[in-house]
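Only one structure is covered here, and it is reproduced in the block below.
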Amino acid sequence: MFALLPIVVVAYLSLTAWNGLGAPHWAGLANWRALVHDTEVPHGIRITLLLTVVSWVVQTPLALLLGVWSAGPQRHRAVLSAVFFLPLLLSLAAIALSWQALLDPNFGAPAALANALHIPSPNLIGDPHRALYVVVAVLAWQWVPFHTLIYQGAARQIPTQLYEAAALDGATRVRQFVAVTLPQLRHTVVASSVLMIVGSLTYFETILLLTGGGPGDATEVLPLHMYRTGFVGFDMGYASALALLLVVVGAGLSVLIVRASGFARMDSDREGL
Amino acid sequence: MTMRMTRRSVLGLAGAAAAGVTVAGCGTSGPAGGGSDAIQLWVLQSDTENPVLKKRIDAFNASSSVKVKMTTYVNDPYKQKLQVAMGSPNAPDIFFNWGGGNLAQFVDAGQVQPLDSALADHPAVAKSFLPSVLAGAALGGKQYGLPMSGIQPEVLFYNKKVFAAAGAKPPTSYPELLALVDLFKRKKITPIALAGAQGWTELIYLMYFTDRIGGPEVVDALVAKKPGAWRHPAIRAAAEHCVQLVERGAFGTNYPSVSSDNQAASKLLATGKCAMHVMGSWEYQTQVSSSPKFVSGHQLGWVPFPSVPGGKGDAKNVVGVPTNYFSVVKGGKHVRQATKFLLDTLASDAYIGAMIGIGEIPPVNGIKSKLATSKAADFATFCYDLVSAAPHFQLAWDQALSPSAGAAVNTNVQKLFVKQLDPAGFVKAMDAAG
Chain P
157 MFALLPIVVV AYLSLTAWNG LGAPHWAGLA NWRALVHDTE VPHGIRITLL LTVVSWVVQT
217 PLALLLGVWS AGPQRHRAVL SAVFFLPLLL SLAAIALSWQ ALLDPNFGAP AALANALHIP
277 SPNLIGDPHR ALYVVVAVLA WQWVPFHTLI YQGAARQIPT QLYEAAALDG ATRVRQFVAV
337 TLPQLRHTVV ASSVLMIVGS LTYFETILLL TGGGPGDATE VLPLHMYRTG FVGFDMGYAS
397 ALALLLVVVG AGLSVLIVRA SGFARMDSDR EGL
Chain R
8 MTMRMTRRSV LGLAGAAAAG VTVAGCGTSG PAGGGSDAIQ LWVLQSDTEN PVLKKRIDAF
68 NASSSVKVKM TTYVNDPYKQ KLQVAMGSPN APDIFFNWGG GNLAQFVDAG QVQPLDSALA
128 DHPAVAKSFL PSVLAGAALG GKQYGLPMSG IQPEVLFYNK KVFAAAGAKP PTSYPELLAL
188 VDLFKRKKIT PIALAGAQGW TELIYLMYFT DRIGGPEVVD ALVAKKPGAW RHPAIRAAAE
248 HCVQLVERGA FGTNYPSVSS DNQAASKLLA TGKCAMHVMG SWEYQTQVSS SPKFVSGHQL
308 GWVPFPSVPG GKGDAKNVVG VPTNYFSVVK GGKHVRQATK FLLDTLASDA YIGAMIGIGE
368 IPPVNGIKSK LATSKAADFA TFCYDLVSAA PHFQLAWDQA LSPSAGAAVN TNVQKLFVKQ
428 LDPAGFVKAM DAAG
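Line order of the protein sequences matches chains P and R. Oh and the first sequence: position 47 is 203 in the working numbering, straight run, nothing missing. Oh and the second sequence: position 115 is 122 in the working numbering, straight run, nothing missing.
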């Protein structure tokens with residue numbers, strides 16, 4: 157009920173013209189027709205998908221390796237792990253605003269470094285071709301610790317006798333990782349990926365604060381387009397149509413990732429366990 | 008987004024985070040007017056202006072049976088809160104607004120009280136305000152708001168020390184500006200500071216060029232939503248001027264990620280890394296607080312935005328924020344007393360004097376002698392003369408247009424400045440957005 161009712165209301169609003177004042181006026185399919193012609197929509201979907209895919213490609217190996225490594229027993233790993241997990245403790249807004257200050261083209265860290273080396277300062281979040289990848293890097297800094305924590309927990313669940321057996325068979329560390337660790341973590345990879353992918357569809361605060369969707373519309377993901385339409389342009393009817401589109405894309409993607417994931421077919425080496 | 012009021016607050020993001028939920032969550036209707044017996048007055052948070060207002064409210068409350076109660080909000084949440092509350096039983100009696108398209112949507116919904124008959128009974132009040140500023144809250148020949156803050160024209164600031172070292176004079180025309188761009192580039196100084204992470208800073212150039220080239224009628228047609236208004240040749244020509252500045256290197260290469268929220272562009276001007284900065288008059292206060300020695304050492308200079316030779320618009324025209332307004336909600340319990348409060352307060356000597364005291368420039372006639380004795384006398388007098396002499400004071404487009412067109416112009420002007428759109432593409436995109 158709590159999930160369905162708002163969706164039904166949003167579906168109704170998407171058929172109206174409403175600026176938030178007074179009662180919504182019935183508009184039929186006008187908003188949906190506008191959606192088809194809105195060039196920001198395919199652009200927003202493209203940016204959203206690109207962000208999702210690149211984020212997954214960057215974050216998953218990092219989180220997996222860090223998680224497995226930090227699941228080991230040595231004491232210094234516990235201390236380092238605590239440092240890795242620090243970004244988890246910070247609020248989203250604080251992270252985004254700190255990075256924005258850090259990346260400031262004139263007064264930020266890259267500028268200071270470039271001045272010291274007497275080279276022109278790089279324009280990181282101000283270049284339309286580069287800004288999205290800077291966003292990916294900041295998002296990775298923000299979210300890798302969370303996924304590392306998940307992998308660390310899962311890696312600690314793998315019985316040590318599997319590694320002992322593999323070692324007796326003469327398997328190297330790399331071979332052990334590929335033959336034992338990775339297959340044992342397959343459900344964790346799927347769970348973490350679903351969280352990552354669905355998350356990258358909805359977490360737009362970082363982008364809003366870091367680049368505001370800019371330069372131009374280079375980092376304007378679909379949720380940001382929806383937010384602007386609804387709460388800057390006060391076009392609630394059209395924003396509702398965009399919201400529904402987002403629900404459909406999000407649900408579709410999470411189904412797809414579970415279905416298409418090769419990990420679901422990978423067999424365990426852990427017979428009978 | 009308004010100029011000075013735009014500085015985005017982190018608090019504003021509470022609304023952003025809840026976006027998806029809130030889209031579905033609002034929409035009650037009912038009689039307007041305060042739920043309590045006090046006159047509800049809504050205004051933005053301001054550490055300098057609110058104490059002045061509070062003093063006048065206390066003075067009014069001392070002699071009135073109905074008391075005024077002030078509630079303050081941060082910029083972005085305020086817009087959302089007001090949008091939801093108007094027309095509901097929780098609407099305020101008096102509300103802060105920016106005039107233009109923001110006020111027009113409430114007027115169109117029949118929620119704002121015209122003040123004409125009240126002003127007719129108090130002719131002295133109506134006559135005290137500058138006509139070009141009062142016009143910012145007039146719609147369809149009726150007055151829907153009265154000025155409550157200072158005038159905020161956009162002007163060209165420059166670093167006197169940098170100019171002196173280069174042997175240059177501030178520009179009076181567009182060709183002179185281009186020559187200065189080349190000169191400062193040769194001296195390895197970025198000619199103009201631009202906080203391009205936000206669209207409204209870039210919009211200033213488009214607005215001034217449009218006004219200088221085509222005159223105010225071009226913008227009037229945009230505001231009136233005349234079909235094809237965006238296809239006026241002056242807008243395309245103005246966009247071409249913007250692109251010419253970008254391509255000439257007037258703003259350097261970093262401008263798309265320079266944010267106005269942390270005063271980065273102002274610091275570039277003060278430290279001499281940039282020679283010029285086109286900004287609203289609030290830049291003066293920003294410099295006073297962030298680089299006090301720059302101002303006290305008389306290094307900060309200012310001139311009107313340059314003229315464009317051959318343009319139809321009067322070079323004395325001004326763009327910016329004429330002022331902010333207070334309006335009265337229609338159909339509330341306290342319409343008469345709320346109107347009385349505005350008439351008693353906003354043109355009173357006590358209010359005007361106190362506003363000058365905090366560095367504002369109230370949009371009222373005959374205050375030059377008072378401004379001359381204020382702390383920022385030179386700059387205040389310059390702004391006052393500029394606006395008094397202006398045949399037309401154009402409210403910034405992102406406020407003058409409807410909210411959806413205002414949001415679109417801020418995005419598209421950013422695309423123009425990073426060359427995701429060319430001038431023809433800009434016109435086409437705005438034509439489609441209305």
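Quick reminder that beta carbons are idealized off the backbone N, C-alpha and C, glycines included.
Strand pairing of Pro160/R, partner residues [DSSP]: Gly327/R
Given a cut-off of 8 Å, decide if Met283/R and Ile211/R are closer than it, judged by their beta-carbon atoms. no
Just by C-beta distance, which residues in the region 81-96 of chain R are closer than 7 Å to chain P? Gln87, Gln90, Val91, Met93 and Gly94
Can you list, in chain order, the residues of its chain whose CB lies under 7 Å from that of Ala436/R, leaving out five sequence neighbours each side? Asn419 and Leu428
Identify whether Gly108/R lies in helix, strand or coil by the three-state DSSP scheme. helix
Residue range of the unbroken alpha helix (DSSP H) whose run includes Met93/R: No alpha helix (DSSP H) holds Met93/R; DSSP gives it neither H nor E.
Buried versus exposed call for Pro316/R [16 or more other C-beta atoms within 10 Å across all chains shown]: exposed
If we cut at 8 Å on Cβ distances, does Ala268/P have a partner in chain R? no
Strictly below 8 Å CB to CB, what residues from chain P border Val265/R? Asp260, Pro261, Asn262 and Gly282
Measuring alpha carbon to alpha carbon, tell me which of Phe240/P, Tyr383/P, Gly372/P and Ser356/P ends up nearest Leu305/P. Phe240/P
Are the C-beta of Asp391/P and some C-beta of chain R separated by less than 8 Å? yes
Can you find a heavy atom of the ligand SAM that lies under 7 Å from the Cβ of Lys62/R? This structure simply doesn't include the ligand SAM, nor any ligand for that matter.
Counting only runs that start and end within the region 240-302 of chain R, where is the alpha helix (DSSP H) found for 4 or more residues in a row? 240-255, 271-277 and 290-297
Distance check for Asp54/R and Thr293/R, CA to CA, integer angstroms please. 14 Å
Segments of 4+ residues assigned as alpha helix (DSSP H) that fall wholly inside the region 108-190 of chain R: 123-128, 130-135, 138-141 and 167-172
Pop quiz: Leu295/P and Ser211/P are said to be a contact at Cβ under 8 Å. What is the actual Cβ separation, rounded to whole angstroms? 6 Å
Taking 8 Å as the threshold (beta carbon to beta carbon), is Ser72/R in contact with chain P? no
Coil, strand or helix - Val345/P by DSSP: helix
How would you list, in chain order, the residues of chain P whose beta-carbon sits under 7 Å from the beta-carbon of Pro99/R? Those within 7 Å of Pro99/R in chain P number zero; the least Cβ separation is about 14 Å.
Does any residue of chain R bring its CB to less than 8 Å from the CB of Leu401/P? no
Skipping 5 residues on each side, what residues in its chain have a beta carbon closer than 7 Å to that of Ala387/R? Ile368, Leu378 and Ser381
Starting from the C-beta of Val425/R, find all residues in its chain whose C-beta is less than 7 Å away, skip the five residues before and the five after it, and write them out in chain order. Pro263
Residues of chain P with a CB under 7 Å from the CB of Thr208/R: which are they? Near Thr208/R there are no residues of chain P at all, since even the closest Cβ is about 12 Å away, more than 7 Å.
Give the list of continuous alpha helix (DSSP H) stretches no shorter than 4 residues that lie fully inside the region 343-378 of chain R. 356-364
Give me, in chain order, the residues of the same chain whose beta-carbon lies closer than 7 Å to that of Tyr291/R; leave out the 5 immediate sequence neighbours on both sides. Ala383 and Phe386
If you run the structure through DSSP and keep just helix, strand and coil, what is Gly432/R? helix
Within this structure, are the beta carbons of Val291/P and Thr367/P separated by less than 8 Å? yes
Does any CB atom of chain P fall closer than 8 Å to the CB of Val425/R? yes
Roughly how many angstroms separate the alpha carbons of Gln313/P and Ala347/P, rounded to a whole number? 16 Å
Throw me the rounded Cβ distance for the Val336/P and Ala322/P pair, which I believe falls under 8 Å. 6 Å
Per-residue DSSP class, three states only, for Tyr359/P: coil
If I follow the unbroken alpha helix (DSSP H) through Ile196/R, where does it start and stop? Where Ile196/R is concerned, there is no enclosing alpha helix (DSSP H), given that its DSSP letter is neither H nor E.
By DSSP, does Trp207/R sit in helix, in strand, or in coil? helix
What residue from Asp268/R, Asn269/R, Gly206/R and Asp351/R has the CA that sits closest to Trp404/R's CA? Gly206/R
On the three-state DSSP scale, how would you describe Lys319/R? coil
Would Ala361/R and Lys76/R qualify as a contact pair, given that the criterion is a beta-carbon distance under 8 Å? no
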